[in-house]
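Residue numbering for the sequence shown follows full-length UniProt numbering, starting at 1 and increasing by one per position.
Backbone N, C-alpha and C fix where the C-beta goes; we use that ideal spot for every residue, glycine too.
Remember, predicted model here, so these are calculated numbers, not experimental data.
Okay, structure first, notes after.
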Amino acid sequence: MSSLVRLLGFSLSGQRYALHLDAVDRVISSVEITRLPNAPDIVLGVVNVQGRVLPVFNIRKRFGIPDKEIDLTDHLIIAHTIRRTVILLTDSVNGVIECSEQEVTKTEKIIPGMGYIEGIVKFENGMIFIHDLNQFLSLDEEKALDDALYQ
């Protein structure tokens, strides 16, 4: 029997994405993002969340989606990787999605070079790309982010 996969779904410009629910700490409404000098392009800036300064990832840039002005209706997903807690800026959060492991198509063979996309779940009304946040930043981006955060 296949085990259950629990995901948090979110949207960017009409495309649906997801993170494994166990990587998500919480979702908050959009707040002001402070620019972080010398951070990699993939980092929009930082946000102070209960005294912790957390980097905000620009996932639009990673997927080649045009930037847009940050809106009060946007959401911030606070999630954790092996190395750090991070924030993803999203247009909307669509809730928890449950599917079986068998319904997840692994992407390494269909989309080579995109290790940050772990899998795809197909539904009648479209597909959801599952993020692997541990693969989201390259080693160079990780180092540049560390340098920017701790200078």
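With 16 other CB atoms within 10 Å as the buried threshold, where does residue i fall?
| i | result |
| --- | --- |
| residue 137 | buried |
| residue 150 | exposed |
| residue 69 | exposed |
| residue 118 | buried |
| residue 133 | buried |
For residue i and residue j, which I take to be in contact (beta-carbon distance under 8 Å), what is that distance rounded to the nearest angstrom?
| i | j | result |
| --- | --- | --- |
| residue 27 | residue 93 | 5 Å |
| residue 148 | residue 36 | 5 Å |
| residue 58 | residue 46 | At roughly 12 Å, the Cβ-Cβ gap does not stay under 8 Å, so residue 58 and residue 46 are not in contact. |
| residue 21 | residue 8 | 5 Å |
| residue 108 | residue 121 | The pair is not a contact, with the Cβ atoms about 16 Å apart (cut-off 8 Å). |
Which class does residue i belong to by DSSP, given the choice of helix, strand or coil?
| i | result |
| --- | --- |
| residue 134 | helix |
| residue 39 | coil |
| residue 106 | strand |
Look at the alpha carbon of residue i and the alpha carbon of residue j, and state the distance between them as a whole number of angstroms.
| i | j | result |
| --- | --- | --- |
| residue 49 | residue 56 | 11 Å |
| residue 15 | residue 29 | 20 Å |
| residue 11 | residue 95 | 10 Å |
| residue 91 | residue 24 | 17 Å |
| residue 97 | residue 139 | 30 Å |
| residue 126 | residue 53 | 36 Å |
| residue 143 | residue 72 | 31 Å |
| residue 38 | residue 78 | 22 Å |
3-residue-minimum beta strand (DSSP E) runs that sit fully inside the segment 19 to 99, ordered along the chain
24 to 29, 43 to 49, 52 to 57, 75 to 80 and 85 to 90
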